[in-house]
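Going by full-length UniProt numbering, the sequence shown opens with residue 1, and the numbers climb by one from there. Backbone N, C-alpha and C define an ideal beta-carbon position, used for all residues, glycine too.
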Amino acid sequence: MNTILNRIDRLMMAITFAEANEAELAQEYIPSRKTVPSKQAEPNTTMTSGQILPTQTAH
Numbered sequence: 001m002n003t004i005l006n007r008i009d010r011l012m013m014a015i016t017f018a019e020a021n022e023a024e025l026a027q028e029y030i031p032s033r034k035t036v037p038s039k040q041a042e043p044n045t046t047m048t049s050g051q052i053l054p055t056q057t058a059h
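Structure (structure tokens):
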């Protein structure tokens, strides 16, 4: 049980660092995983005849 909790703790710490854009620190907590090279982001497509709509949020 302790081993499972340790793995969960390490995974949660890795997720936290990954969300904070600290990929190097996140990888230190999951050393057994192979790193996959990140893909380049595709450029956004341009809209030729579009409107800018206001952002609506529901509260």
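Cα-Cα separation, residue i to residue j
i, j, result
"N21", "P54", "29 Å"
"I4", "A18", "21 Å"
"N6", "Q56", "42 Å"
"E28", "N2", "20 Å"
Selection from the options that minimises the alpha carbon distance to residue i
i, options, result
"I15", "A26, L5, Q56", "A26"
Helix, strand or coil at residue i according to DSSP, with G and I counted as helix
i, result
"I30", "coil"
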